[in-house]
Every structure is written in C-alpha cells, then in structure tokens.
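J.: One structure coming up, written as structure tokens, with questions to follow.
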Amino acid sequence: MRTLKAIVPVLALVAVAVAAGCSASEDGDEQRLNGLRENYCLQLGMWQKARNAEGSVTPESPAYGEAALVAEDAVHAMRPLRDEAVSGGGTLGETTVLAINNGDGNAEARAVQYCADVGFETLTR
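Numbering (my numbering), first residue to last: 194 to 318.
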C-alpha cells in the first residue's frame, strides 16, 4: 500500500510533464504554420504589386522579368500550404496556380480571401 501512495504522485507529475510537452509542441507547430501563412500572403502581395506595375512596362524592361521572379517566390511560398482549403472550394495550391499562371481573377480573390481568413489581409492588394 505504501508503494502505491508513492507511485501515484510520480505518475501525476509524469502526466503533467507529458501534457506540457504536447502543448509546447502544438504551440511550436502553430507558430510555424502561422509563419508559413504570413510568408505566403506577403509573397502573394508582392506578386500582385509587381504584376500591377508590369502593366505599364514592356516585355523588354527589367520590371517585366521581375514580376516573373516574384511569381516564382509566391508559388514557392505556397508549396508547404498547398493542401489547405480555400473558401469557394479547392486548395491553396490550385488557387494560386490558377491566379498566377492563368490570370484567373476569381482564383486571385480566393487567395486574397485565404490571407484574410488567416489574419494577413493587409499583406495583399
């Protein structure tokens, strides 16, 4: 009986330590995910800005090529989030590709809405 009285407090401490470890890990995962989302929305906004500036330049100008590079950065930033759902249907990967590669305004609006939904609406145009 004496052994049982000693084991119960130890088990309680182990349970608390395990629960705290899971919580810290979940917090770290959430912070990482939040960072990925922020980076994606930042890159999407940069692409929008470059694309909009591109309208006033010719294909021979440096700004034209810059928009293509910024588009690559946005697609790269999307990759770890590609399977996230966006409002209106589809995934962030599908939506981003349609917006950037196909000039789909509806897809771009869904990508911007995704950024608003995750708290980074101010990073997009």
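Just so it is clear, CB atoms sit at the ideal spot from N, CA and C, and this is done for glycine as well.
Please state if the CB of A270 and the CB of R244 are separated by a distance shorter than 8 Å.
T.: no
J.: From this set, D222, K242, D266 and L226, which residue's C-alpha is nearest G312's C-alpha?
T.: Check the Cα spacing between G312 and each of D222, K242, D266 and L226: the tightest is with L226.
J.: Just to confirm before moving on: does the CB-CB distance between R275 and L285 stay below 8 Å?
T.: yes
J.: Output the boundary residues of the alpha helix (DSSP H) element that contains R303.
T.: G298 to D310
J.: Does T288 come out as helix, strand or coil in the three-state DSSP assignment?
T.: In the structure shown, T288 sits in a helix (DSSP, three-state: H, G or I).
J.: Can you tell me which of A300, E265, A246 and L229 puts its alpha carbon nearest to the alpha carbon of G283?
T.: A300
J.: Could you compute how far the alpha carbon of Y307 sits from the alpha carbon of S280?
T.: 7 Å
J.: Rounded to a whole number of angstroms, what is the C-alpha to C-alpha distance between E287 and D297?
T.: 11 Å
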